[in-house]
Amino acid sequence: MKKTFTILLFILIYLSGFGQNSQSIEKLQVTGFINNDKIMLRWAPENSISWQRGNKLGYSVYRRVVMRDGKVIEKPDSILLGTFNPLPLERWEAYSDSNYFAVAAEAIYGSGFEVTTQSKGNFFDMVNKSREQESRFSMGLLCADQSFTVARMMGLGLVDSTTKKNEAYLYKVVLNYSDTSGYQEKGFALVDFGFGNFLPRPFGINHEVVENVVTIMVPYEPFKGIYNTYQLQRSDDGKTYRTVKDKSYYSLSTTPDDPKYNIYNDSVVSQASTVFYRLRGRTPFDSYGPYSDTLEVKIMPSLIGSPWITDIKEVGNDKLIVTWDSPEYKPENLKGFMLYSAKRYEGPYLEYFKTPLAGKDSIALIDAPGGHAYLKVGALDGFNRPYFSAPRLYQAVDSIPPSAPQGLTGAFDTTGVVQFKWSYGKERDLLGYQMLYSANADSEYSLIGNAFIYDSTYKTSFPTNMLSSDLFFKVVALDTRYNTSRPSEPIKLVKPDTIAPSSPVIFIDTDSTGLTKILIAPSSSTDIKIHYLYFITDAEKPDREELFRGSIRNDTTITLSNGYGKGEICCVAEDITGRKGYSNRVSFRQQKNSLVSTFNALAKPLIDDGAVELLWDKTNLSGSIMIYRKDDLKPYNLIATVDSQIFTFKDRNVTVNTSYSYKLVGFQRNGKAISRVIAVKYR
1 MKKTFTILLF ILIYLSGFGQ NSQSIEKLQV TGFINNDKIM LRWAPENSIS WQRGNKLGYS
61 VYRRVVMRDG KVIEKPDSIL LGTFNPLPLE RWEAYSDSNY FAVAAEAIYG SGFEVTTQSK
121 GNFFDMVNKS REQESRFSMG LLCADQSFTV ARMMGLGLVD STTKKNEAYL YKVVLNYSDT
181 SGYQEKGFAL VDFGFGNFLP RPFGINHEVV ENVVTIMVPY EPFKGIYNTY QLQRSDDGKT
241 YRTVKDKSYY SLSTTPDDPK YNIYNDSVVS QASTVFYRLR GRTPFDSYGP YSDTLEVKIM
301 PSLIGSPWIT DIKEVGNDKL IVTWDSPEYK PENLKGFMLY SAKRYEGPYL EYFKTPLAGK
361 DSIALIDAPG GHAYLKVGAL DGFNRPYFSA PRLYQAVDSI PPSAPQGLTG AFDTTGVVQF
421 KWSYGKERDL LGYQMLYSAN ADSEYSLIGN AFIYDSTYKT SFPTNMLSSD LFFKVVALDT
481 RYNTSRPSEP IKLVKPDTIA PSSPVIFIDT DSTGLTKILI APSSSTDIKI HYLYFITDAE
541 KPDREELFRG SIRNDTTITL SNGYGKGEIC CVAEDITGRK GYSNRVSFRQ QKNSLVSTFN
601 ALAKPLIDDG AVELLWDKTN LSGSIMIYRK DDLKPYNLIA TVDSQIFTFK DRNVTVNTSY
661 SYKLVGFQRN GKAISRVIAV KYR
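Under our numbering, the first residue of the sequence shown carries the number 1, and numbering increases by one thereafter.
Below, the structure is given as structure tokens:
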């Protein structure tokens with residue numbers, strides 16, 4: 001461990017002292033390999049442009065002895081091992097019959113090879129030339145990886161035979177090309193005889209079998225830079241192996257984040273058997289690493305593709321004819337077909353027959369399932385493994401809906417949760433139920449959720465602060481064809497109420513005759529049970545006297561009798577749950593003995609005539625009578641003066657849905673003033 005740390009520390013110091021800044025420029029990739037008492041060196045540029053420059057200008061290789069007998073050399077000398085270029089074309093002709101040599105020579109010296117492009121060329125010529133150079137670069141380096149001899153002939157490798165086993169060497173490979181800043185691309189490799197070569201045993205190997213093809217997959221990343229390809233061997237008995245793939249591979253990756261593999265395919269006999277595989281990695285220096293563990297593969301011929309249902313047809317006597325089609329399976333691998341059914345798409349699916357149908361069959365006659373069913377066909381291989389078709393839905397022809405649900409009941413608790421129950425239907429094809437509700441018996445009902453209810457009970461909740469206290473509910477049934485029944489008889493439920501009713505409004509008016517009128521605008525809440533009107537005395541111990549109790553639906557005027565004195569008037573609205581809404585308190589002071597003469601009068605809204613008709617008793621009246629009117633927005637105003645003996649008047653200047661108060665002021669025969677106040681709502 002100490003030795004390793006010493007070497008790494010020295011290399012870092014050496015590289016940092018090499019005089020280069022930390023520019024982000026692509027460098028050469030360099031690796032070394034110990035072959036007995038020699039060192040084999042390989043390098044490669046990282047792009048096609050650098051490769052072209054190297055082919056023209058070559059590479060210089062330097063060596064320094066950094067350790068000897070386990071001791072670091074403080075100031076090692078650097079020696080030039082040589083400058084390396086591709087061999088001339090005539091030196092390649094002797095190897096023209098070898099694929100890797102021929103392809104590598106073609107990549108370097110093939111016709112049409114040009115480094116520069118004339119400016120008059122069009123854009124597509126430049127694109128095609130760039131693609132050509134990339135292809136030459138890729139194919140050339142591929143050939144160099146497959147043969148160390150090819151790499152040396154391409155100027156990308158050397159053998160250093162002037163080494164000693166008690167020394168460690170740092171190699172530097174420099175591309176003989178400088179950019180405008182004088183920087184040269186370079187790469188380094190440290191080789192120490194004391195460490196030897198790192199050649200791991202291949203691991204993480206996967207396999208799969210499709211019909212009679214075995215695919216072997218070796219992970220790429222763990223062995224990147226160590227092995228270029230692998231030698232795959234197969235054995236039928238686990239003892240004697242023969243090579244089935246040698247130097248032939250491809251790497252698979254769909255995205256940069258996907259794992260990459262070296263993948264091998266091997267064809268085997270399409271019958272049940274067991275075969276054994278092993279492989280070993282091949283380095284860029286034409287040497288091999290250790291064999292992997294033995295991989296035992298069971299050959300169970302499978303079927304390619306799945307069948308598909310083409311038609312489901314109803315025939316007489318509750319029968320179905322199911323037809324299907326399938327790929328052209330190998331007869332020796334196909335045992336037959338099986339039909340399956342289920343009530344739900346996800347299953348479970350049950351077999352229709354005890355034994356499979358013959359492989360030549362593509363039609364079956366079966367009993368029609370009740371209501372509906374999902375059907376699928378399975379092709380069985382020789383090991384009874386099914387290859388399923390996609391499920392297909394069968395529905396019996398049916399347009400008759402279920403009967404309306406019966407016996408719907410329900411109840412709210414204090415938190416707003418309501419529970420329902422009803423009688424479950426007896427239809428065989430009954431699918432479930434859906435619950436509906438409305439805030440008004442005459443309004444349209446809405447669904448409570450979209451999910452089906454598969455039982456005859458249901459629980460849901462409503463917010464207790466809803467303005468409406470009465471809710472109406474129905475339930476409908478649906479069959480498996482989604483035929484919907486008539487709704488059940490609606491039920492009315494009163495939900496728990498947490499909101500007090502809206503407050504009534506009162507105001508007090510004393511007419512010219514001295515009569516006290518209390519005008520009440522009742523609560524607008526729909527669940528009001530009763531209204532109360534109270535007089536609260538103005539004393540040290542206030543006492544409350546009930547003036548009125550009853551149902552008030554419209555604006556109402558109550559005449560207060562004499563003798564109440566000083567106090568406050570208040571109105572209370574109480575709903576069906578007992579919650580109360582209180583009106584404003586109006587101060588009141590009534591003069592004692594303020595008895596005022598009055599006379600009988602009434603007001604009638606004549607909607608069809610567009611008027612309010614006033615009628616009065618003319619018996620004790622004489623002279624004219626003055627008619628005043630006020631509404632919610634305007635105070636009393638004189639609207640007419642008529643002869644009191646006519647005893648009738650029609651006010652045609654009225655508006656729908658408006659409350660009016662009329663004051664009639666006249667004179668008795670003895671000349672004493674007399675008045676009457678009447679209220680009416682015109683609507």
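Built from N, CA and C at the ideal position, the CB exists for glycine as well.
Just so you know, these numbers come straight off a predicted model, no measurement behind them.
- A check of alpha carbon separations from S551 across E167, V418, I528 identifies I528 as the nearest.
- Within its own chain, the residues whose Cβ lies closer than 6 Å to the Cβ of S48, once the five positions on either side in sequence are excluded, are Q133, E134, F137, listed in chain order.
- Per DSSP, the continuous alpha helix (DSSP H) segment holding G54 begins and ends at 48 to 57.
- Of the other Cβ atoms in all chains shown, fewer than 16 fall within 10 Å of the Cβ of K492; this residue is therefore exposed.
- According to DSSP, residue pairing for T274 in a beta bridge involves K298.
- Shown here for S178: same chain residues with a beta carbon closer than 8 Å to its own, the five before and five after excluded, namely Q184 in chain order.
- The beta carbon of G54 sits closer than 7 Å to those of P45, G155, L175, all from its chain and outside the five residues before and after it, given in chain order.
- DSSP places I536 in the uninterrupted beta strand (DSSP E) bounded by 528 to 537.
- In this structure, the CA atom of N465 is about 32 Å from the CA atom of T557.
- Assignment of T149 by DSSP, reduced to helix, strand and coil, places it in the helix class.
- Taking the CA atoms as reference points, H531 sits about 7 Å from C571.
- Taking C-beta separations shorter than 6 Å and ignoring five residues to either side along the sequence, the partners of G289 in its chain run L199, R280, G281, following chain order.
- Following the DSSP letters along the chain, one finds L303 in no beta strand (DSSP E), marked with neither H nor E.
- In the assembly as shown, G666 is a buried residue. Its beta-carbon has 16 or more other beta-carbons within 10 Å.
- A residue is called buried once 16 or more other Cβ atoms fall within 10 Å of its Cβ, and K239, having fewer, is exposed.
- Take A573, set aside five residues on each side of it, and the residues of its chain with a beta-carbon closer than 6 Å to its own are P501, P504, S523, I528, H531, G581, in chain order.
- Between the alpha carbons of S235 and K75 lies a distance of about 55 Å.
- Secondary structure of L141 (DSSP, three-state): helix.
- Spatial neighbours of K335 in its own chain (CB-CB distance under 8 Å, excluding positions within 5 residues in sequence) are listed in chain order as P356, G359, L380, D381, G382, N384.
- Remark: C-beta atoms of V418 and F462 approach each other more closely than 8 Å.
- As for any beta strand (DSSP E) of minimum length 3 sitting wholly inside the segment 192 to 223, the runs are 206 to 210, 213 to 219, ordered along the chain.
- For A611, the enclosing beta strand (DSSP E) begins and ends at 611 to 616.
- Close CB contacts of E351 within its chain, under the 8 Å cut and outside five residues either way in sequence, are with M338, L339, Y340 (chain order).
- The DSSP-derived three-state label of R481 is coil.
- In the displayed model, V418 falls within a strand according to three-state DSSP.
- Y227 sits away from K260, with the two beta carbons spaced by 8 Å or more.
- Within 10 angstroms of the beta-carbon of A451 lie fewer than 16 other beta-carbons, which makes it exposed.
- Two segments are said to touch when three or more pairs of C-beta atoms, one from each, lie closer than 8 Å; by this definition the segment 615 to 628 touches the segment 644 to 660.
- Annotation: Y169 to V72 spans about 11 Å, alpha carbon to alpha carbon.
- In the three-state scheme derived from DSSP, where H, G and I count as helix and E and B as strand, P331 is classed as helix.
- For N35, the enclosing beta strand (DSSP E) starts and ends at 29 to 35.
- DSSP links Y458 through a beta bridge to F420.
- Using a Cβ-Cβ distance cut-off of 8 Å, the segment 406 to 416 and the segment 364 to 371 are not in contact, since fewer than three pairs of beta carbons, one from each stretch, lie closer than that value.
- Counting every other CB atom within 10 Å of its CB across the protein chains shown gives P348 a total below 16, marking it as exposed.
- By the Cβ criterion, the segment 651 to 661 is in contact with the segment 623 to 633, since at least three pairs of Cβ atoms, one from each stretch, lie closer than 8 Å.
- Only buried fits T480, as 16 or more other CB atoms lie within 10 angstroms of its CB.
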